[in-house]
Amino acid sequence: MWRLWISLWLQLLSRCHVAGNVLPVVKKSHFDAPVVDILWLGKDREIVMLYTERGTLHRSSDQAGTFEETKLHSGQRQVHVVRLLMSPNSSFIALAVGNRLETFATDDAGLSWHEIHHPNAIRLSFMFHPNRPEWALLSAWTEDCRDARPGSPCTHQLLVTRDLGRTALESVSRHVVQFSWGRGDFTDRIYFTHFRDKNTRQPMLSRWMESVDFVSTDDFGKHVTTHVPRGNKFVVSEQFTLVAQCLDPQSQNVQLMVRKHSTANRDQPFEKAFIPTNLAEKSYAVLDASEGFVLLHVNHGEGLGNVYVSDDTGTRYVLSLQHNIGVNGRAAFEKVSNLKGIYFANVWAAKNATGIEALPSSFAKSGWLEHGDYQLGEGSTMSQAEQSIRYLKARPSPTAEISSRRLALRNTSVSVHSLISFNAGGAWSTLKAPSSDSEGQPISCGNGCSLHLHDMTFQEHFVPFYSYDKAVGIIMAAGNVGQRLSYKAEESNTYLSRDGGLSWSEVRKGVHIYEFGNHGAVLVMASVNSETNQVIYSLDEGKTWQPLHLDSEPFNVTNILIEPTAVSTDFVAFGSRGQQGVIYRIDFDALDWPACHKDSEPDVPGSDYETWAPSDGQQHHCPKGTACGCLLGQQVAYVRRKQLHQCFNRRKSKLPVISQPCHCTMEDFECELDFERALDQKSCVATVLPPPSARFGLMEERECAMSNSYKVDVYRRVPGNRCVDGWVPPQLDLACPPKTSSSSHGFLKFLLVGVAFSGCVYMGKKGSGDWFSWTNPYMAFTPGAAQGRSIGRVGVPTELPEVAVPRYHEALNLSYGALRVIG
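Numbered by mature numbering (1 follows the signal peptide of the UniProt record, and there is no 0), the letters in the sequence shown go through residues -20 to -1, 1 to 803 in order.
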């Protein structure tokens, strides 16, 4: 009998750790070299495919439990795989590309493969159709491009397949620069930019050129329609198409042309975007275009840029944020993907002699932002999933260039500050620092101190800001508490928010790679600064963490991944040990937790679910008169698992959402054209670039026929905001222009005849020299410099200088750049 008890006791111990919980099951696999990338295929994503640095391809049919090598042959030669690509609309279709650009396709999740025969090439690009699984575009730089002689017939060909490459590819065009499928009602349309002259060797688009046009075809190249002459680069989103049009090849200035997709007017012309600045526009990055408006990073030179937000037409922009970082075609700007209207950004600032945050004019000489940071990129569209850390691949060791930049960061007074917006870029604030660290020790954070987090621009060294749409409210990131963002690994820690970025907690010392599963019920992370033999996991959304030993020997962690829907409880941690690759499947189903129930009855006794409403931290009132937390003018109650309930959510779709409108407040509005928010203020102030006279039209002319003044809108509703009643935006009264025989619209002189809102500044120009202004005593401009104006909650009363220099007065060095989707 006693032997039976001992046997039962040992079995129990084998499944339990110190806290008494059953451990997840871990299964290990070895490979000939470090793993580069992983795909999940099949109906239930049970098929896992990966390839290694040696080009070997491996397949698992039991969710990464065991693997078998898959060998592909082109003729008699075995193919060494250097790229895997999965179709966005079929979990059975994938591509494998070899080191000699041999291309293979599978339509049965890797059981069988066929070769796609394409022209001999030195470079390939591939893009699946948005909703036709076997349609795809393929581009090839021909082998003649190896010959640098001017007369060689080098061209970039665009081809199409409608059967996954089983039959010969169809030619669409030559001398192509960039290409993409359409969106919405135009998914079968092919958009591309190309060189008009196809009789000469095709050059690389290393700078903006007048000889490139933006065109489309609806019949695979038989007929081509030109939409934007001199259109060099473009982005196609669900609601907008945006094109960078070359204005001047000498100065390398561009302008943005926009078309909003409309069923009523399928081929409406492109309109010039109005961006309120007199600075040259060097390149653009589309940060987000998924919520009915466009968030745009404009590079004005030196690698830094300003962020502008459009109205619902995508053509009228207002300034949202200055000095946003741009590196290698990426902007330091992230969208919280599981909530609407919340954005995170990093901006440059430096302390000058007066203690004011400003950007030095010689910033380009710091060795950090270099000309190569804004080279023209090859990307056309990029989904958020493709940028999330879920799909980060193994990265090479730091280059000397990056190392020198890190050294510059350590030795310069220039600093990086992190900001967050809860109203789609209408206003920005610092991130609230946690009150204690992960070891329970208090954190001292005084004036000017806040939480700063890393973004995608430095992902070679720090794991970036990360959210996922099915894990509502949960964000993880690496960073530090202090006056500025630190680029020293020893000063960086791992942080978590479960309320959409409103509050944060430090969950672990050091930098970690992390992943979410089962709608956020399971969080897993591992150290990336040193070798480890364990991961750390949480089953209560970060409240507590437990270590899980994976092996007796440590390894370098490359990444932690989960299948693309991120609803399962199976994770994969992979990395390298010496020259070998290792992968660990971590199965949390072994905990034997039941399925959560009563998702349709949240907050009631016996339900495993609760409702949670994200908030910007301000007090709002809903129409019923009750206090409520609001975002973008509405209280949205998300259903999610209660934090401490031990169950798993077996739903594959997102949980229900309940919403009601809120009463309008000032935060529900952003500044109109010709206005911007002053530093640390909520009110909008008038600028002179362009002057308000630019909007003097028929309606204003009618007002002036009956009065000596007319009204100008100072605020506009944030696109997508659903607030009702409440705060009514005031207007600004301006004197009508003197009536002259030559023109009633001429701008001779405007006088501010009334201020209809608190804290308005209007700038006019007297003569041809100094700028004059009216203001209340709580706003100030720094004379002689273009001032950075990130938005905070508390303003510091200061004296207004007698002469205030308008923004954008300082000339900046010029560079050229890329148009690409960032978020």
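Glycine included, every Cβ here is placed at the ideal spot set by N, Cα and C. What you are looking at is a predicted structure, and each value in this text was computed from that prediction instead of being measured.
Taking DSSP's pairing of strands, which residues face residue i in a bridge?
i	result
N286	V278
N304	G285 and V327
E251	V238
H397	V327
I96	T83
residue 806	Outside the displayed span of the chain (-20 to 803) sits residue 806, for which this structure offers no information.
I102	DSSP, once it has assigned bridges, lists no residue as partnering I102.
D550	D567
S119	S105 and L138
CA-CA distance, residue i and residue j?
i	j	result
K412	E49	49 Å
L118	E95	14 Å
residue 825	A458	The chain is shown from -20 up to 803; residue 825 falls before or after that span and cannot be answered.
F200	T206	15 Å
Q526	I516	5 Å
Y695	L712	10 Å
A13	A469	27 Å
N69	R112	7 Å
M237	P709	30 Å
G481	D579	25 Å
P777	R657	Reliability of the predicted coordinates at P777 is poor, the pLDDT of 23 falling under 50, and the value obtained from them is presented with this limitation in mind. Each residue's Cα considered, the two are about 16 Å apart.
V562	T36	14 Å
S151	V704	54 Å
Q355	T83	Bear in mind that the predicted position of Q355 carries a pLDDT of just 27, short of 50, making it unreliable; the figure below should be weighed with that in mind. Those two C-alpha atoms are separated by around 28 Å.
V508	N304	27 Å
M456	E681	53 Å
I336	H10	The pLDDT assigned to I336 is 39, lower than 50, so where the model puts this residue is not dependable; a value taken from the coordinates is nonetheless given after this. Rounded to the nearest angstrom, the two C-alpha atoms are 55 Å apart.
Cβ atoms of residue j and residue i: under 9 Å apart, would you say?
i	j	result
A506	H529	no
T512	S518	no
residue 819	V287	There is no way to answer for residue 819, as the model of the chain reaches only from -20 to 803.
L21	F72	yes
R187	H174	no
residue 820	I423	Outside the shown range of the chain, which is -20 to 803, sits residue 820, and nothing can be said about it.
Y323	I255	no
Q626	W592	no
A546	G497	yes
A85	A101	no
G453	S477	yes
R181	P133	yes
A325	S398	yes
N219	R163	In the sequence as presented, Asn is not what sits at residue 219; that position holds Gln. Yes, the pair counts as a contact, with Cβ atoms nearer than the cut-off.
L104	H97	no
V156	Q137	yes
F313	A265	yes
Please name the residue in the options whose C-alpha comes closest to that of residue i.
i	options	result
L635	V619, F175, I322 and K202	V619
N433	F442, G426 and N427	Checking the sequence, you will find Leu at residue 433 rather than Asn. Here the closest residue by C-alpha is F442.
S613	H625, S595, L624 and C627	It is worth fixing the name first, because residue 613 is Gly in this sequence and not Ser. Nearest of H625, S595, L624 and C627 to G613, Cα basis: S595.
K23	R63, G90, V15 and S54	G90
V278	T549, T257, F445 and K320	T257
F250	L19, F194 and R630	F194
V537	G558, D520, E521 and D550	G558
R464	E150, E581, W328 and E190	W328
S418	F438, G490 and R39	G490
G700	T293, V16 and W484	T293
R25	T32, R34 and R39	R39
W19	S41, G285, L81 and R34	The displayed chain sequence assigns Leu, not Trp, to residue 19. The candidate whose alpha carbon is nearest that of L19 is S41.
S191	C226, F172 and V28	C226
What residue does the beta strand (DSSP E) around residue i start on, and which one ends it?
i	result
C664	C664 to A666
M456	I455 to G462
G211	G211 to V216
S518	Q514 to S518
I170	I170 to F175
R112	Per DSSP, R112 belongs to no beta strand (DSSP E) and is neither H nor E.
G497	H492 to G497
E261	Note, E261: premise wrong, no beta strand (DSSP E); not H, not E.
G426	Here G426 belongs to no beta strand (DSSP E), and DSSP marks it neither H nor E.
residue 809	Nothing in the structure corresponds to residue 809, since the chain is present only between -20 and 803.
K489	S485 to K489
G78	A74 to G78
Q640	V637 to P641
Closer than 8 Å: is that where the CB of residue i sits relative to any heavy atom of the ligand PLP?
i	result
P636	The ligand content of the structure shown is nil, which means the ligand PLP is not present either.
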